[in-house]
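Have a look at the structure below, then the notes.
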């Protein structure tokens with residue numbers, strides 16, 4: 091369809107059809123100076139061209155506003171059904187995010203980027219819906235009027251006199267991959283307005299007389315073109331950096347915006363963003379200076395600062411809290427250390443004598459910074475509105491009682507001073523009694539502050555004037571010096587009261603900081619002591635709840651979802667946290683987990699919930715989500731900052747616990763792999779060798795049984811039995827080691843005489859001694875020990891068989907037992923060649939042999955490892971010593987603990 095003649099043809103080029111799904115979709119914004127320039131029309135025309143080229147194009151939401159030319163372009167395009175929402179007995183239709191993600195087209199059209207969604211939607215703003223669509227890998231085209239940019243709201247207000255209620259953060263537009271300006275002249279736009287192509291006639295007439303003035307449209311057009319040019323500059327810089335082109339970069343500019351928690355904070359933040367745009371997206375930081383010595387009586391200051399910092403983050407800036415009593419020096423030092431080249435600050439209309447004095451004598455912050463900061467440009471933003479008066483907090487009952495007590499005690503000081511003055515006046519001549527009253531005023535000011543000190547000064551002067559100044563016993567002022575006395579009294583009260591108030595405020599701040607440091611220390615110690623994720627989550631919930639003074643919850647990943655792992659404090663009578671939260675809270679928590687950004691109360695995602703959820707981002711990964719019942723937590727308060735600090739520590743603790751668990755699992759898998767490899771190696775040789783012997787002997791007996799001599803037949807049968815026993819030992823060792831590795835060992839302890847177990851073990855290995863000799867050395871009496879007889883017997887048998895295997899013929903193996911106060915000790919010695927000193931620590935390792943790998947005659951190398959596992963399962967200890975005499979021999983000691991220590995006289 092041909093384009094209407096009243097809209098100029100825009101220069102566009104066909105977009106390539108995407109051939110593969112990208113990780114994040116591309117965003118294209120059709121930018122205009124105001125409604126009616128043809129943004130939606132141009133977007134639909136380009137979409138039809140894309141569809142004609144074979145692209146999968148879907149209309150998510152388009153507002154035609156009854157314009158027939160725009161409606162005609164929707165024909166032939168797939169239009170999604172909108173999502174109904176019930177609000178105040180009305181059904182509102184909004185963009186269907188889930189439907190769009192499920193449909194997954196190549197290109198999705200979403201009109202009106204700055205639109206505010208209906209209450210109850212997933213996101214308050216449509217630009218947040220678009221972000222979710224882009225994260226799903228879908229390309230999006232959208233439309234935007236320049237007056238809806240957050241950083242331009244003040245400028246647009248001054249140009250048009252209209253405050254824009256719908257705003258888009260500049261950072262959202264900066265992430266756009268393409269921006270196409272849809273531009274017509276202000277005259278052509280007014281012509282379209284008069285022809286009824288923008289609004290209905292009555293609305294068009296009112297708009298033409300107000301918003302759509304030539305001068306307004308011209309200024310908005312310039313803003314739109316400047317913003318588009320800035321985007322082109324950003325893309326150029328990015329391209330040059332990717333290609334490594336050297337040259338002067340405007341990134342050398344660094345901007346510092348100073349805010350003071352007054353009504354100008356938001357305006358200064360937006361000014362800093364605009365200045366950053368003009369300087370090719372120079373990095374900018376919003377900072378405030380916290381003066382430890384100043385009193386913080388304005389209850390709205392913290393909230394205004396929190397709002398300003400949140401706005402700065404939305405606009406793409408950084409936030410910073412500086413601390414120092416000297417504001418000028420603090421700012422200058424920070425500017426020098428961080429290469430700041432531009433400083434933005436505000437100045438309200440001078441009100442009061444103090445402000446006018448500072449302005450006349452050049453004592454303003456701007457003047458001081460001009461003198462102190464060298465090589466830095468100072469931008470002073472003025473505001474014609476009067477500065478907001480600080481809102482003082484209402485005194486608490488405790489503070490009222492303290493003030494009344496201060497007035498009473500101040501009056502008591504005056505009574506004491508009067509008594510002392512009367513006594514001195516009667517006792518001495520020419521005594522300066524005013525000093526006595528000054529001391530009373532000074533005491534009242536130091537102890538109770540300004541107002542009780544002023545009251546005490548007034549009462550002191552009246553009493554002093556009535557009793558001691560001529561004419562006495564009247565309140566008449568007889569000399570001009572009396573007025574000076576009153577002024578001195580008030581000056582002392584003012585100075586001491588102000589100093590006392592400052593000292594008390596400093597003490598309160600120091601106490602709050604000390605409490606915060608103590609809380610962080612306790613949290614750090616508790617989190618560091620957590621050995622697993624469950625414990626770390628419980629400690630994190632408890633410490634966060636204590637820091638915030640509100641309920642806290644920690645959610646950890648379970649499979650593809652997250653689940654409640656800990657909550658504090660629990661409801662009365664509950665011993666475990668609830669398995670889940672409400673539907674809205676879980677949706678916000680899942681959003682924080684999946685997107686890595688805050689969600690819930692006070693954020694741009696699901697703000698209707700009472701909880702604020704933040705991702706727990708560790709050093710390398712995201713460990714979980716922490717939530718605070720933020721409806722009871724003031725934004726920007728010390729409690730909120732402390733809770734965030736605890737969450738940061740908790741994220742690291744959870745990550746450390748996860749890494750420790752993964753390391754343990756990795757070590758277990760590594761040991762299992764080594765065991766599996768050694769097991770396969772053992773099976774391939776240690777089992778095959780005796781099987782071959784058994785098979786050969788049995789085959790010989792079957793084939794030549796009658797022809798064999800009796801002694802040969804007996805020898806073959808003995809070989810079969812010997813190799814079968816060897817096989818039985820191997821299989822038994824493998825089964826025992828499998829029980830140990832798998833944690834399936836069941837210890838059945840009973841009171842046992844170790845001598846009986848040792849005799850039974852000696853009988854089991856008797857046939858394997860050959861020409862060796864086994865001696866036994868047991869005491870006549872031996873204390874009973876609580877142990878498992880079968881496990882101990884098998885452990886001793888394994889050690890004896892190892893001693894026999896490594897001892898030469900004709901040698902002696904000694905089996906002994908004795909006891910000390912704490913334990914019963916078993917000693918097994920042989921006269922073999924011994925164990926090298928460097929190999930003693932590995933002698934109890936699995937598949938460890940003292941022979942060369944080719945020598946398999948001594949077994950599979952599991953006997954001592956199994957003995958160690960069995961002994962330790964009975965709370966015993968085992969150790970090896972070698973050599974023991976003449977550089978030969980090995981001694982294995984088993985120590986079994988007694989239930990009750992034996993007195994030394996009974997040994």
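In this note's numbering, the protein residues as written are 91 to 997. Idealized CB from N, CA, C, for every residue including glycine.
For the candidate residues the options, whose alpha-carbon lies nearest to that of residue i?
i, options, result
"residue 366", "416, 430, 308, 417", "430"
"residue 380", "395, 373, 368", "395"
"residue 552", "505, 817, 970", "505"
"residue 114", "135, 230, 145", "230"
"residue 906", "899, 897, 889, 896", "889"
"residue 38", "546, 559, 566", "Since the first and last residues shown for the chain are 91 and 997, residue 38 lies out of range."
"residue 357", "243, 851, 589", "243"
"residue 345", "416, 638, 421, 636", "421"
"residue 975", "183, 924, 400, 854", "924"
"residue 622", "728, 744, 705", "744"
"residue 706", "728, 741, 692, 731", "741"
"residue 617", "858, 738, 167, 124", "738"
"residue 586", "818, 537, 403", "537"
"residue 900", "681, 863, 263", "863"
"residue 717", "152, 630, 791", "630"
"residue 727", "499, 397, 565", "397"
Could you give the distance in angstroms between the alpha-carbon of residue i and the alpha-carbon of residue j?
i, j, result
"residue 265", "residue 543", "60 Å"
"residue 604", "residue 733", "15 Å"
"residue 261", "residue 676", "27 Å"
"residue 447", "residue 457", "Confidence in residue 447 is poor, its pLDDT being 45 and thus under 50, which makes the residue's placement unreliable; the coordinate value appears in the next sentence. Roughly 13 Å separates the two Cα atoms."
"residue 643", "residue 174", "32 Å"
"residue 340", "residue 414", "Bear in mind that a pLDDT of 42 at residue 340, under 50, signals an unreliable position, so the number given afterwards is only what the model happens to contain. Approximately 31 Å between the Cα atoms of the pair."
"residue 94", "residue 159", "Here residue 94 scores only 38 on pLDDT, less than 50, and its place in the model should not be relied on; the value that follows carries that caveat. Answer to the nearest angstrom: the Cα atoms are 8 Å apart."
"residue 747", "residue 226", "31 Å"
"residue 272", "residue 304", "18 Å"
"residue 965", "residue 598", "56 Å"
"residue 374", "residue 470", "16 Å"
"residue 579", "residue 539", "14 Å"
"residue 989", "residue 904", "27 Å"
"residue 238", "residue 254", "7 Å"
"residue 817", "residue 786", "15 Å"
"residue 661", "residue 256", "41 Å"
"residue 685", "residue 199", "23 Å"
"residue 645", "residue 203", "33 Å"
"residue 898", "residue 710", "59 Å"
"residue 197", "residue 116", "9 Å"
Give a yes or no on whether the C-beta atoms belonging to residue i and residue j are separated by under 9 Å.
i, j, result
"residue 148", "residue 195", "yes"
"residue 277", "residue 363", "no"
"residue 613", "residue 633", "yes"
"residue 963", "residue 837", "yes"
"residue 126", "residue 234", "no"
"residue 343", "residue 377", "no"
"residue 689", "residue 673", "no"
"residue 424", "residue 412", "yes"
"residue 813", "residue 784", "yes"
"residue 164", "residue 134", "yes"
"residue 635", "residue 609", "no"
"residue 882", "residue 927", "no"
"residue 998", "residue 961", "There is simply no residue 998 to check, as the chain begins at 91 and stops at 997 in what is shown."
"residue 877", "residue 839", "yes"
"residue 351", "residue 392", "yes"
Could you spell out where the alpha helix (DSSP H) holding residue i opens and where it closes?
i, result
"residue 624", "623-638"
"residue 567", "It is not in any alpha helix (DSSP H) - residue 567 carries neither H nor E in the DSSP assignment."
"residue 883", "879-895"
"residue 162", "158-162"
At which residues does the beta strand (DSSP E) containing residue i begin and terminate?
i, result
"residue 707", "702-707"
"residue 986", "980-987"
"residue 124", "Segment: none, residue 124 is in no beta strand (DSSP E) and carries neither H nor E."
- Message: Count Cβ pairs between the region 909-928 and the region 972-992 that sit closer than 8 Å; are there 3 or more?
- Response: yes
- Task: Tell me, please, whether the region 218-226 touches the region 181-190 by the rule of three or more beta-carbon pairs shorter than 8 Å.
- Result: yes
- Query: Would you call the region 497-513 and the region 554-562 in contact, with 3 or more CB pairs under 8 Å?
  - Reply: yes
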